[in-house]
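Trainee: One structure, as structure tokens, below. Some questions next.
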Amino acid sequence: MRSLQLAPLIILAAILVPTSATSAQSAQTIPSHAEPEIACRAHPLSTQSFKRKLGDGYQISLGPVHSAEPTEFVCTAAIYNPEGKVVYRTSGFNVTFDEHLSGQDFDDDGHPEVVFMTDAGGGNHCCWEYNVISLYPKPHKLFDIPQDGLVQFEKDPQGKMIIWVRTQGPGGDFSMASRPFAERVYRVREGKLADATPEFCARIFSDKNSDFRHWTGILSPENLSLMQSIPQPDKPADTEEIASAVLARAAQHVFCHQYDAAIADLDLWPASTRAKMKADFAASMKQDYPDFAAQLAQTPPTR
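Once you know that position 81 of the sequence shown is 84 in my numbering, the rest is easy, because the numbers rise by one and skip nothing.
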């Protein structure tokens, strides 16, 4: 068992760099390491185990599961209290101790958090998540952050955490490369993730954002005319990127609570399949955005 000695866990004094969509004066990105040192992998199966001391007598262990019984999740990580009792455990096909995010204060209580990344999908490109654990006033998990797409962490000018989660939008039968995605942005309030997307929509719908530039470029009158000539534009290779951009921008408007703009985007869909697409879109959004789903259902059909 390899033991890695560490001084008491403190908020990292990492170099912070500005994101592409904002200036250094407004927010700073917390960079991530390309290849973590403390990690367990299923393929090929890791053989090395790690221990690392945290502060106040806590420590972590991470490595392959040692069990005589067959197990699907072959990697595991745990946090131990000063008495040697496990106070948190995560297991998966792959598990990583995020050395760069660990030490950041997510919930603004003046104490650093511990962060793991766990893969429960076994390489299916679907099921990684960040696990954020607080040790104060007693050990408890704050929240998990699913990683369907890119997740970015920033600190605002007041030093408070901002979390950008790239989220797959609803609708369509797209290839994996053309699936529609949009941004949801979270702050941490009272130890929980709180949706703060509307606060950042001016930034999202601006030329500073690569998604906005992509939507503006691909949703030209000529491309929209081509898409509208095909009943199911999400399937042919020559129109699925256009269709994906329509649904991605519509989803972003919903996340921003810009419901009229979202409906205007959905009305760009080919008329022959528009009603079904809207119904499917509304059903996918209804749980998180019931007001939008109700408004969409009451909107008269367009020709």
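The C-beta atom is built at its ideal place from N, Cα and C for all residues, glycine as well. A quick note: this is a predicted structure, and the numbers were derived from the prediction, not measured.
(1) What span of residues does the beta strand (DSSP E) with Gly-95 cover, start to end?
(2) Taking just the CA atoms, how far does Ile-33 sit from Val-20?
(3) Go ahead and pull the three-state DSSP assignment for Trp-218.
(4) Look at the alpha carbon of Gln-107 and the alpha carbon of Pro-224, and state the distance between them as a whole number of angstroms.
(5) Could you check where the beta strand (DSSP E) with Arg-192 kicks off and where it finishes?
(6) Residue range of the beta strand (DSSP E) that Asn-84 falls in?
(7) What's the C-alpha gap between Arg-55 and Phe-156?
(8) Could you say which of Met-120, Gln-171 and Glu-75 lies nearest to Ser-181 if we only look at CA atoms?
(9) Taking just the CA atoms, how far does Ala-278 sit from Gln-150?
(10) Less than 7 Å separating the beta-carbons of Phe-258 and Thr-219?
(11) State the Cα-Cα distance for the pair Glu-75 and Asp-122, rounded to the nearest angstrom.
(12) Assuming Val-168 is part of the beta strand (DSSP E), what are its boundary residues?
(13) Would you decide whether Ser-209 is buried or exposed? Buried here means 16 or more other CB atoms lie within 10 Å of its CB.
(14) Which same chain residues, not among the five before or five after Pro-303, have their C-beta less than 8 Å away from its C-beta?
(15) What residue does the alpha helix (DSSP H) around Asn-226 start on, and which one ends it?
(16) What residue from Lys-144, Ile-166 and Pro-142 has the CA that sits closest to Gly-152's CA?
(17) Who pairs with Met-120 in a beta bridge, going by DSSP?
(18) Buried or exposed: which applies to Ala-285, given that a residue is buried once 16 or more other Cβ atoms fall within 10 Å of its Cβ?
Mentor: Reading it off the structure:
(1) 89-95
(2) Confidence is the limiting factor: at Val-20 the pLDDT is only 30, short of 50, which leaves the residue's position unreliable, though a coordinate-based value still follows. Roughly 7 Å between the two C-alpha positions.
(3) helix
(4) 46 Å
(5) 184-192
(6) First-last for Asn-84: undefined, no H or E at that position.
(7) 24 Å
(8) Gln-171
(9) 31 Å
(10) no
(11) 12 Å
(12) 164-171
(13) exposed
(14) none
(15) 224-231
(16) Ile-166
(17) Thr-99 and Tyr-133
(18) buried
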